[in-house]
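Residue numbers (UniProt numbering): 1 to 226.
Worksheet for the structure shown next.
Shown next as structure tokens:
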């Protein structure tokens, strides 16, 4: 999924240290590809800015909670240890402001309040790619010595004349029905038809892939545009 991490390598580079994490999970309750259809997604929450995207549907029992300004849904992966938690602010809320309002213990606090419900779910298929240099982030945290000539990296080099020029992080995430694309796409209009709570992710949301036993976060991100 990440065939190339570095687009350019400086000729003076002596060593590249790579760390890769790969996760491929199959839904415990997969979506039916035949139910996938084109639906509107509100781009970045901007008024009258919509785009037709492939959207998956199902009505099944999931861990769910609805608060004053958001809903949260847990989609478990096969195996039982890992789940995706989707946090959907209401349409009047700004996603960035919602994220900033979350406290460090939000995951533990939120999951304690979730209950199993039959939920009508609409979730867009999406593929995200993120790449960023972490050098400035580490410098802002006070980790400066490894980036300058005073760096002491004698543990990995006998000469000791090494320093870190950059730290690069890259991530790719693909979310679909079961890992395969549907061959045909139709367009339908969705209207409420039952008393089940709904979870229609047709506007910006955030997601967390985490270990449900330890609450260890593996991946976290937001979907603003598709």
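Every residue gets a Cβ at the ideal spot worked out from N, C-alpha and C, and that includes glycine.
Just so we're clear, the structure is a prediction, and the values are computed from it rather than from any experiment.
Taking C-beta separations shorter than 6 Å and ignoring five residues to either side along the sequence, the partners of residue 168 in its chain run 133, following chain order.
Here residue 210 is bridged, per DSSP, to 83 and 217. For residue 95, the enclosing alpha helix (DSSP H) begins and ends at 95-101. 9 Å or more divides the Cβ of residue 128 from the Cβ of residue 73. Distance from the CA atom of residue 68 to the CA atom of residue 223, rounded to whole angstroms, is 21 Å. Taking residue 108 as reference, the option from 125, 217, 117 and 10 with the minimal CA-CA separation is 217. In the structure shown, residue 145 falls within a helical segment according to DSSP collapsed to helix, strand and coil. In the three-state reduction of the DSSP assignment, residue 201 falls in the coil class, being assigned neither a helical nor a strand state. Annotation: residue 153 is outside any beta strand (DSSP E) and is labelled neither H nor E by DSSP. Annotation: the continuous alpha helix (DSSP H) that includes residue 136 extends over 135-140.
9 Å or more divides the Cβ of residue 86 from the Cβ of residue 219.
Here the alpha carbons of residue 207 and residue 66 stand approximately 16 Å from one another. Residues 71, 73, 119 and 121 of the same chain have their beta carbon placed closer than 6 Å to that of residue 199, with the five preceding and five following residues left out of the count. DSSP places residue 111 in the uninterrupted alpha helix (DSSP H) bounded by 106-112. Excluding the 5 residues flanking it on each side, residue 34 has no same chain C-beta neighbour closer than 6 Å. Judged by their CB atoms, residue 10 and residue 165 are nearer to each other than the 9 Å cut-off. Between residue 141 and residue 151, the C-beta gap is not smaller than 9 Å, which leaves the two residues out of contact. Looking only at 115, 79 and 201, the smallest Cα-Cα distance to residue 123 is reached by 201. Relative to the Cα of residue 50, the nearest Cα in the group 203, 214 and 213 belongs to 203.
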